[in-house]
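Okay, so here's the structure we're looking at.
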Amino acid sequence: MGMGPLPSRHGRSRRAPMAEINVTPLVDVMLVLLIIFMVTAPLLVTGVPVNLPDSRANALEQDKQPVQISLDETGRVFVDEQEVMEAELPTILEAKRPAAGQEEPQVFLRADRALDYGRVMRVMGELNRAGLNKVSLVTTGAEQAN
């Protein structure tokens with residue numbers, strides 16, 4: 007908080023320096039950056055033909071190969087482009103779980119836009135049960151409507 011003019015001996019007033027730092031602009035910039043990183047996190051991956059929903063987010067480059075789970079328009083499940091039965095999914099996801107001390111793998115979930123929401127949530131529930139919580143939902147880039 008700034009102070010008003012201080013009287014001096016010579017009758018002239020001078021301003022005292024501000025003693026506090028305004029952190030509001032810093033917090034605003036950090037929140038905007040956080041939102042940008044959260045929106046642009048998923049990386050567009052191709053493999054199983056899936057009609058993905060649209061998004062304006064750009065893809066990010068990643069060092070490690072993520073686990074890719076895809077659901078096509080008929081509801082078939084693919085893990086890294088290999089079709090699996092829904093009953094086998096918990097066993098396969100358990101095998102993808104990291105050992106103690108290892109970093110948890112990134113999981114990219116790609117689901118067809120025409121697919122039932124409950125079907126996608128069942129797969130996400132299996133991911134959660136297997137301890138794979140770093141899940142990114144993959145979309146395609148949308149064109150601007152203007």
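Residue numbers (my numbering): 7 to 152.
The C-beta atom is built at its ideal place from N, Cα and C for all residues, glycine as well.
DSSP beta-bridge partners of residue i
i             : result
glutamine 112 : In DSSP, glutamine 112 forms no bridge with anything.
leucine 77    : Val83 and Ala117
leucine 143   : Leu115
arginine 103  : Answer is none; arginine 103 lacks a bridge partner.
Integer-rounded CB distance, given that residue j should sit under 8 Å from residue i
i             : j           : result
alanine 117   : valine 126  : 5 Å
leucine 138   : proline 111 : 7 Å
isoleucine 75 : leucine 121 : With 8 Å as the limit, isoleucine 75 and leucine 121 do not qualify as a contact, their Cβ atoms being about 13 Å apart.
Spatial distance of residue i from residue j (CA atoms)
i                : j             : result
leucine 37       : valine 45     : 12 Å
arginine 119     : threonine 145 : 9 Å
proline 23       : isoleucine 41 : 35 Å
phenylalanine 84 : glutamate 26  : 56 Å
glutamate 210    : aspartate 34  : Look at the range of the chain in this structure, 7 to 152, and you will see that residue 210 is not part of it.
valine 129       : glutamine 71  : 20 Å
alanine 101      : leucine 39    : 35 Å
glutamate 109    : glutamate 87  : 23 Å
leucine 50       : lysine 140    : Note that leucine 50 has pLDDT 46, beneath the 50 cutoff, so the model's placement of it is unreliable and the number below is only indicative. So the two alpha carbons sit approximately 16 Å from each other.
glutamate 6      : valine 29     : No statement about residue 6 is possible, as the shown extent of the chain runs from 7 to 152 and does not include it.
leucine 143      : arginine 20   : 58 Å
isoleucine 98    : glycine 124   : 21 Å
Local conformation of residue i per DSSP, three classes
i            : result
glutamate 89 : strand
arginine 135 : helix
threonine 46 : coil
arginine 128 : helix
Assigned exposure category for residue i - 16 Cβ within 10 Å defines buried
i            : result
valine 73    : buried
leucine 32   : exposed
threonine 52 : Here the model assigns threonine 52 a pLDDT of 44, short of 50, so the residue's position is not dependable and the matter cannot be decided.
valine 113   : buried
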